[in-house]
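Shown next, in structure tokens, is the structure this report addresses.
Chains as they are written, first to last, in our numbering: chain B, 32 to 241; chain H, 32 to 241; chain L, 9 to 221; chain V, 9 to 221.
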């Protein structure tokens with residue numbers, strides 16, 4: 032991350048000291064009042080910090096790459112297919128997979144706030160909430176992708192999915208070339224968070240792979 | 032004007048001290064460079080401060096009230112009709128008069144900036160430039176009029192004119208009742224700036240008038 | 009509500025920027041605010057639609073700072089105020105050592121009693137439809153850039169509560185939701201790419217009518 | 009440019025406020041900035057369309073303060089920079105007593121040479137027309153709230169230069185301008201009054217096509 036990007040993340044998530052104090056005071060007061068439960072909140076934070084995240088999505092994508100029948104089930108009924116993977120606490124409710132294929136590149140955004148598939152991808156990166164992304168992802172998707180380093184040829188259609196209601200979208204990227212003999216676990220390592228948002232392609236397999 | 036309104040006008044026209052200083056410095060530098068001409072600028076400010084203003088518009092409206100044939104010419108060709116009044120420097124170029132009549136109330140706004148009929152009405156009041164007015168004049172004209180103290184009955188159509196191009200609009204208000212025997216000069220005193228924007232009705236004749 | 013949160017198609021925010029993978033929280037404040045929100049939502053002291061409406065209603069200059077933890081805290085405070093738990097000034101008083109009076113520890117029901125039967129489905133996949141031109145002052149999930157546009161229904165998503173009604177506390181108004189696909193050139197004009205498409209969910213109340221193909 | 013200056017239909021700015029009659033300038037700064045603008049425009053150092061474009065492009069948080077003299081000064085500074093008269097930092101240097109290098113005292117021609125012949129008039133009074141959905145990143149005088157809407161031409165106003173092209177410095181593109189009237193309920197939805205109407209000028213390039221009545 033460049034200093035520029037670091038400074039953005041800090042600007043957008045570090046309120047002035049008086050607001051930081053206010054956040055802490057609010058929690059203390061509400062705990063004192065018995066309105067919120069610290070143990071429950073600790074568990075939720077732990078869940079999203081340690082158990083849930085883009086690795087869940089990467090497992091799903093890798094399985095779909097490795098097993099065409101799973102992929103077919105995943106595209107048809109994501110919830111049922113994800114249940115097969117038996118990931119604790121991950122339900123895939125209202126999840127829709129959008130598949131990249133030759134000539135079609137998908138990309139997700141929430142122009143009105145920051146809706147995101149928490150269950151399979153964890154909490155959204157802060158740039159996903161930014162005005163810079165939300166404003167232009169729908170009107171200038173090719174420019175946005177270029178800024179993310181993804182060149183989409185003119186003949187490829189870009190499909191942008193604005194998550195304005197209860198449906199959550201996840202991109203199923205194309206399996207990279209040269210990965211025919213990779214294990215499902217190794218394939219999962221190629222699947223980045225941004226590739227499931229649609230603002231990146233999966234990693235290429237290491238050149239040195241046998 | 033209430034303190035509230037006074038504070039608004041001040042907020043929107045009094046920059047912080049460093050910007051006030053910068054405005055003065057810019058003028059000094061540009062005069063030194065010979066790019067702007069102080070005498071010419073003095074003359075323009077004097078023109079808009081002393082010679083031009085809503086009184087011009089009021090004269091036009093009063094004449095239209097007093098002389099139906101002038102009114103007909105004014106609605107048909109404002110520039111030619113205004114020329115009859117021989118007001119120095121006032122041309123009525125691109126001016127369009129919109130006539131209030133029973134069942135129709137007109138109101139003008141510039142949602143994109145602050146276009147206004149300078150020639151016949153002087154410089155716009157600062158509230159005409161405000162987001163509060165520009166945002167709601169088009170979408171909630173009845174609420175805006177109510178806030179200005181004008182109650183428009185439901186059966187009256189409101190026509191809002193957004194001055195987004197080169198045409199400038201001026202409202203020709205309805206002649207108030209009880210003014211049959213008033214002179215044209217006295218009629219002009221009933222015509223307020225806001226009545227020609229459409230956010231007010233003309234003043235009622237003094238109750239004590241003969 | 010037509011305000012700054014409705015960002016689709018706005019200009020002037022500069023190029024996008026990114027953050028590395030593997031970061032759940034970008035700051036301590038972000039984590040704390042998330043934690044607090046989870047606690048309040050679990051207890052019924054904050055609801056998604058009402059919270060969104062309250063964040064959208066922040067003064068525009070505050071929203072424009074894009075300091076998300078600060079905005080979310082403000083939204084939660086408004087939610088607590090609506091439920092009568094904490095009024096403006098209460099937190100300051102408590103921080104100054106003043107004991108607050110007794111409060112209900114169970115949140116009041118905030119939704120009206122009204123529960124409509126689900127609207128019958130009026131449209132089908134493949135239908136070409138025009139989206140309504142509406143501009144509600146309250147919360148809506150119909151972005152401005154799609155109002156009045158014509159698109160094709162590509163999926164029926166089932167029955168969902170209508171967020172505009174939930175946020176307005178006028179009751180539950182369950183209805184069909186459709187995915188509608190639009191041509192980028194229809195929405196943005198000829199400068200968009202001819203083969204690009206935009207999709208969004210449309211609650212049935214957002215759809216004006218079927219149009220001829 | 010889709011930004012905050014395009015205020016028609018936005019919510020959240022509170023009730024209107026007013027100022028008394030008979031006031032030409034509300035502050036010394038307002039008068040000084042007006043004076044400066046008149047001087048610069050007379051000399052060709054600032055032009056209406058370019059100036060509007062530059063004010064609209066101010067950072068959104070600056071524009072949102074609605075301090076008009078400050079915004080106009082910033083717009084004029086940008087105009088002088090575009091004409092090579094004063095670069096950022098020059099005024100500060102001069103204020104610090106540093107002598108500036110020699111400058112051209114005649115403004116450069118900022119408009120391209122291109123001068124198109126006026127477009128032929130395609131529409132007539134009484135025509136029902138649909139306005140284009142365009143979202144140019146540059147300056148435009150087509151407000152967002154009227155894009156895609158259907159209205160009736162009520163007047164032909166003659167031939168005018170196209171402000172979008174003037175601001176973009178791509179040359180003169182003179183064309184017919186029409187006044188188009190819209191139903192408030194078409195534009196804002198059923199909450200508007202059925203008998204209310206909105207009118208705006210439409211350059212011919214803003215009109216998509218005639219539609220069946």
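Backbone N, C-alpha and C define an ideal beta-carbon position, used for all residues, glycine too. Everything numeric in this text was worked out from a predicted model, so none of it was measured.
Could you check the C-alpha separation between residue i and residue j for me, to the nearest Å?
| i | j | result |
| --- | --- | --- |
| residue 98 of chain H | residue 138 of chain H | 23 Å |
| residue 58 of chain V | residue 87 of chain V | 7 Å |
| residue 106 of chain B | residue 144 of chain B | 26 Å |
| residue 214 of chain V | residue 132 of chain V | 15 Å |
| residue 187 of chain B | residue 187 of chain V | 41 Å |
| residue 171 of chain B | residue 80 of chain B | 32 Å |
| residue 241 of chain H | residue 13 of chain V | In this predicted model, residue 241 of chain H has a pLDDT of only 42, less than 50, meaning its place in the structure is not dependable enough to derive any value. |
| residue 121 of chain H | residue 197 of chain B | 60 Å |
| residue 238 of chain B | residue 126 of chain L | Here residue 238 of chain B scores only 49 on pLDDT, less than 50, and its place in the model should not be relied on; the value that follows carries that caveat. Going by the C-alpha atoms only, they are around 56 Å apart. |
| residue 231 of chain H | residue 91 of chain L | 41 Å |
| residue 28 of chain V | residue 31 of chain L | 56 Å |
| residue 197 of chain L | residue 140 of chain V | 7 Å |
| residue 208 of chain H | residue 219 of chain H | 14 Å |
Could you tell me which chain L residues have their CB closer than 8 Å to the CB of residue i, listed as they occur along the chain?
| i | result |
| --- | --- |
| residue 151 of chain B | The premise fails here: residue 151 of chain B is roughly 14 Å from chain L at the closest Cβ pair, so nothing lies under 8 Å. |
| residue 11 of chain V | 18, 19, 20 |
| residue 215 of chain V | The premise fails here: residue 215 of chain V is roughly 13 Å from chain L at the closest Cβ pair, so nothing lies under 8 Å. |
| residue 194 of chain V | 141 |
| residue 147 of chain B | None at all; the shortest Cβ gap to chain L is about 12 Å. |
Could you check how far apart the C-beta atoms of residue i and residue j are, in whole angstroms? I think they sit under 8 Å.
| i | j | result |
| --- | --- | --- |
| residue 172 of chain L | residue 128 of chain L | Rounded, the Cβ-Cβ distance is 19 Å, inconsistent with contact. |
| residue 67 of chain H | residue 51 of chain V | 6 Å |
| residue 204 of chain B | residue 92 of chain B | 7 Å |
| residue 226 of chain B | residue 202 of chain B | 7 Å |
| residue 21 of chain L | residue 162 of chain B | 4 Å |
Which residue's Cα is closest to the Cα of residue i: the options?
| i | options | result |
| --- | --- | --- |
| residue 93 of chain V | H:125, H:64, H:53, H:200 | H:64 |
| residue 62 of chain V | V:148, V:114, V:199, V:47 | V:148 |
| residue 134 of chain V | V:115, V:161, V:125 | V:161 |
| residue 96 of chain V | V:103, V:104, V:105, V:85 | V:85 |
| residue 128 of chain B | B:234, B:229, B:235, B:236 | B:229 |
| residue 159 of chain V | V:25, V:137, V:216, V:19 | V:137 |
| residue 130 of chain V | V:167, V:117, V:151 | V:167 |
| residue 83 of chain B | B:153, B:213, B:140, B:162 | B:153 |
| residue 114 of chain V | H:123, H:61, H:212 | H:61 |
| residue 130 of chain B | B:57, B:212, B:200 | B:200 |
| residue 184 of chain L | L:195, L:165, L:202 | L:165 |
| residue 40 of chain L | L:203, L:19, L:108, L:77 | L:77 |
| residue 211 of chain V | H:195, H:156, H:236, H:209 | H:195 |
| residue 80 of chain L | L:55, L:208, L:100 | L:55 |
| residue 67 of chain L | L:100, L:101, L:11 | L:11 |
| residue 218 of chain L | L:119, L:199, L:157 | L:157 |
| residue 53 of chain V | V:35, V:71, V:65, V:116 | V:116 |
| residue 179 of chain H | H:233, H:114, H:133 | H:233 |
For residue i, list the residues DSSP reports as bridge partners.
| i | result |
| --- | --- |
| residue 188 of chain H | H:135 |
| residue 237 of chain B | Paired residue(s): none; residue 237 of chain B is not in a bridge. |
| residue 145 of chain V | Paired residues: none, contrary to the question. |
| residue 122 of chain L | According to DSSP, which records beta bridges pairwise, residue 122 of chain L is partnered with nothing at all. |
| residue 49 of chain L | According to DSSP, residue 49 of chain L bridges with nothing at all. |
| residue 160 of chain L | L:136, L:189 |
At 7 Å on the CB atoms, spell out the chain H contacts of residue i, in chain order.
| i | result |
| --- | --- |
| residue 203 of chain V | 188 |
| residue 39 of chain V | 76 |
In chain L, what lies closer than 9 Å to residue i by C-beta?
| i | result |
| --- | --- |
| residue 39 of chain B | 25, 26, 27 |
Below 9 Å on C-beta distance, what does residue i contact in chain B?
| i | result |
| --- | --- |
| residue 75 of chain L | 42, 43, 44, 45, 46, 47, 50 |
| residue 209 of chain L | 193, 194, 195, 196, 197, 198 |
| residue 113 of chain L | 64, 65, 66 |
What residues of chain V sit near residue i, judged by a beta carbon separation below 9 Å?
| i | result |
| --- | --- |
| residue 72 of chain L | 12, 68, 69, 72 |
List, in chain order, every chain L residue whose beta-carbon is nearer than 7 Å to that of residue i.
| i | result |
| --- | --- |
| residue 140 of chain V | 197 |
| residue 145 of chain V | 19 |
Could you work out which residues of chain V lie near residue i, taking near to mean beta carbons separated by less than 7 Å?
| i | result |
| --- | --- |
| residue 156 of chain L | 156, 157 |
| residue 71 of chain H | 47, 50 |
Under 8 Å Cβ-Cβ, which residues of chain B neighbour residue i?
| i | result |
| --- | --- |
| residue 32 of chain L | 79, 80, 84, 153, 154 |
Taking residue i as the query, report the chain C residues whose CB atoms sit under 8 Å from its CB, ordered along the chain.
| i | result |
| --- | --- |
| residue 165 of chain B | No chain C is present in this structure, whose protein chains are B, H, L and V. |
Output, in chain order, the set of chain B residues within a Cβ distance shorter than 7 Å of residue i.
| i | result |
| --- | --- |
| residue 168 of chain L | 196, 197 |
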